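For reference, the structure discussed in these notes is given below.
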Amino acid sequence: MSKEEQKFVAHITTQEEDFSQWYTDVILKADLVDYSPVKGFMVIKPYGYAIWENIQRELDDRFRATGHKNAYFPLLIPESLLKKEEEHVEGFAPEVAWVTHGGNEELAEPLVVRPTSETIICSMYAKWVQSYRDLPLLYNQWCNVVRWEKSTRPFLRTSEFLWQEGHTVHATEEEAQEETLRMLEVYREFAYNVLAIPVITGQKTEKEKFAGALHTYTIEALMQDGKALQAGTSHNLAQHFAKVFDIQYLDKDGQLKYVWQTSWGVSTRLIGGIIMVHGDERGLVLPPKVAPVQVVIVPIAMHKEGVLDKARDIYDRLNEIGLRVELDDRDTQSPGWKFNEWELKGVPVRIEIGPRDIENDQVVLVRRDNLDKTFVPMGELEDKTLSAIDEVQRGLLDKALKMREDRTTSAKDIDTFKEGVNRGFVKAMWCGSNECEDKIKEETGATTRCIPFEEEQIDDKCICCGEKAKHMVYFAKAY
RNA sequence: CGGGGUGUAGCGCAGCUUGGUAGCGCGUCUCGUUCGGGACGAGAAGGUCGCAGGUUCAAGUCCUGUCACCCCGACCA
């Protein structure tokens with residue numbers, strides 16, 4: 010590493026030294042978030058929020074394409090509604106925020122700030138669903154939820170977070186199961202193609218499933234420090250909520266029947282995932298598809314005749330073809346300073362334009378993922394920039410795939426297992442018992458991430474108790 | 001909620017042991033020179049030392065309490 014680089018990276022803790030601190034340094038210095046006066050609540054600043062907006066747009070398109078409509082349900086839920094489904098209350102009661110007063114009046118019934126909206130939505134669905142002709146209802150909402158967390162970290166776990174929650178009701182069990190898996194696949198495809206994050210898909214164990222669900226499915230991503238991040242979940246709620254909220258419809262055959270339900274969600278936690286999968290020692294590295302700024306233009310010696318005009322011309326041409334471009338024409342910062350700052354902010358492509366380039370009718374193009382520099386003839390500006398954007402997106406995915414592969418092992422014995430979970434995912438056999446799951450967690454710090462859809466036969470015995478194995482499971486330490 | 005750490009100018013820190021009128025670097029503002037990987041000179045602005053009590057002639061410094069943040073666990077998206 011050169012002296013200059015050392016000087017720069019000295020501002021950020023290295024990943025190797027302390028990954029958590031690196032994460033905190035990066036999100037603050039890249040201007041994604043700031044701490045608010047309320048414990049556990051973060052301000053998402055414009056640059057961070059723009060990432061979320063891009064995630065929203067990409068996902069929302071996919072939700073619409075699969076027949077869903079957006080709606081909005083209230084923030085506050087009466088205590089009695091939350092308490093209707095037994096497992097659900099038990100799961101969420103310890104972390105809900107209560108509203109007990111309206112103005113100066115104490116409320117007759119306390120309200121909770123939604124930790125998730127199954128209950129209030131079900132109470133409405135009970136009114137809206139009468140006939141099989143009303144089904145299915147395929148609604149989604151973008152909103153905030155509050156869970157009173159004991160320890161918080163920006164994006165990964167905050168007391169309030171932004172998310173989307175899809176809530177659907179169906180006439181049949183099969184339809185609900187199809188929907189559950191359809192949306193999981195939407196998440197998987199989105200993570201892979203948009204966030205450049207390859208995820209493992211599979212089913213959660215009984216212990217790890219959503220409070221009130223029959224089955225929970227998950228997408229699990231691996232971070233560069235070897236810890237797993239649950240990046241999205243899709244639940245088959247069966248008729249658990251339908252029965253307590255009395256959501257029934259009159260079927261073709263004249264019979265009154267309960268609906269079958271699903272719910273699914275991803276949150277601003279995804280932003281934490283992007284940072285920890287792609288980031289490097291110079292800061293953020295953003296996948297072009299969600300980067301708030303895809304191309305930054307840095308003029309060199311911009312006070313000189315023609316430089317700024319040329320830079321504006323480049324800006325217009327790239328803007329014209331639909332790229333998110335920014336021209337950094339601040340006269341308070343030197344070019345070198347700007348290079349470092351935009352790298353810290355993870356902008357996928359940088360274009361430099363100076364007197365020398367103008368003379369040669371070219372620009373300098375630099376990729377953020379590998380810092381490769383190329384000279385691009387002015388006539389090929391649009392083509393070469395677009396292909397560079399594609400290459401960065403592809404490059405990040407390839408790198409993430411390789412990282413996950415390097416950090417995934419399989420284990421037949423507990424020692425190999427322990428080594429493996431210090432590096433990443435471990436594939437191992439499991440007998441299916443809660444006891445073994447607990448014991449493994451206690452001894453190794455690793456939890457079951459999921460029972461993947463594609464299981465391998467690593468062994469025929471449970472890694473913990475040695476009894477006959479039921480499933481191959483992905484284990485990891487998790488966020 | 002347990003263990004550890006930190007709160008002093010916008011940011012990063014020193015000062016605290018041994019109480020005596022608050023400092024450094026970066027950034028900011030003005031002017032000039034610069035501009036191809038964190039430029040340089042000159043001048044200037046900016047702090048009730050996290051908050052609340054207490055001890056003292058005197059508290060950033062000592063004592064008590066409290067709040068917040070960070071890290072590691074437990075719990076959870």
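Per the numbering used here, the very first residue in the first sequence carries number 10; after that it's consecutive. Don't be surprised by glycine CBs; every beta carbon is placed ideally from N, CA and C. Quick caveat: nothing in here was measured; it's all calculated off a predicted structure.
Since I believe ILE209 is in contact with ARG458 (beta carbons under 8 Å), could you give me their beta-carbon distance rounded to a whole number of angstroms?
7 Å
Alpha carbon to alpha carbon, what distance is there between TYR44 and LEU332?
31 Å
When the Cα atoms are used, what is the spatial distance from THR161 to TYR488?
11 Å
Looking only at its own chain, which residues have a Cβ that is under 7 Å from the Cβ of VAL52, when we skip the five neighbours before and after it?
VAL42, ASP43, SER45
For TRP8, report the span of its beta strand (DSSP E) as first-last.
Residue 8 is absent from the structure shown; the chain starts at 10 and stops at 488.
Would you identify the three-state DSSP class for ILE21, choosing helix, strand or coil?
coil
So GLN298 and GLU67 are supposed to be a Cβ contact under 8 Å. How far apart are they, rounded?
One detail in the question is off: residue 298 reads as Lys in this sequence, not Gln. Right, their Cβ atoms sit about 7 Å apart.
For SER343, count neighbouring C-beta atoms within 10 Å of its own C-beta (all shown protein chains included) and say buried if the count is 16 or more, exposed if not.
exposed
Using three-state DSSP, classify ASP43 as helix, strand or coil.
strand
Quick one: what does DSSP say TRP61 is sitting in, helix, strand or coil?
helix
Give the single residue among GLY57, TYR196, VAL435 whose Cα lies nearest to the Cα of VAL35.
GLY57
Do TRP172 and SER29 have their CB atoms nearer than 8 Å?
no
Since VAL195 is in the alpha helix (DSSP H), which residue starts that stretch and which ends it?
182-202
Within its chain, find whatever has a CB closer than 8 Å to the CB of LEU116; leave out the 5 residues flanking it on each side and keep chain order.
VAL108, THR109, HIS110
Would a C-beta distance cut-off of 8 Å place GLY355 and ARG377 closer than the cut-off?
yes
Looking only at its own chain, which residues have a Cβ that is under 8 Å from the Cβ of ILE362, when we skip the five neighbours before and after it?
ILE306, VAL307, PRO308, ILE309, VAL316, LYS319, ALA320, ILE323, VAL372, VAL373
Taking the alpha-carbon positions, what's the HIS287 to GLY454 distance?
25 Å
Tell me which same chain residues have a C-beta within less than 8 Å of the C-beta of ILE367, skipping the five on either side of it?
GLY315, VAL316, LYS319
What's the call for TRP137, buried or exposed, on a 16-neighbour Cβ count within 10 Å?
exposed
By a C-beta neighbour count over all protein chains shown, 10 Å radius and 16 as the cutoff for buried, is ILE472 buried or exposed?
buried
Which residue wins for smallest C-alpha separation from ARG73, given the options GLU329, TYR148, ALA485?
TYR148
If contact is defined by three or more beta carbon pairs under 8 Å, each pair taking one atom from either stretch, is the segment 172-188 in contact with the segment 420-436?
no
Suppose you measure from the CA of ILE129 to the CA of ARG123; what does that come to, to the nearest Å?
9 Å
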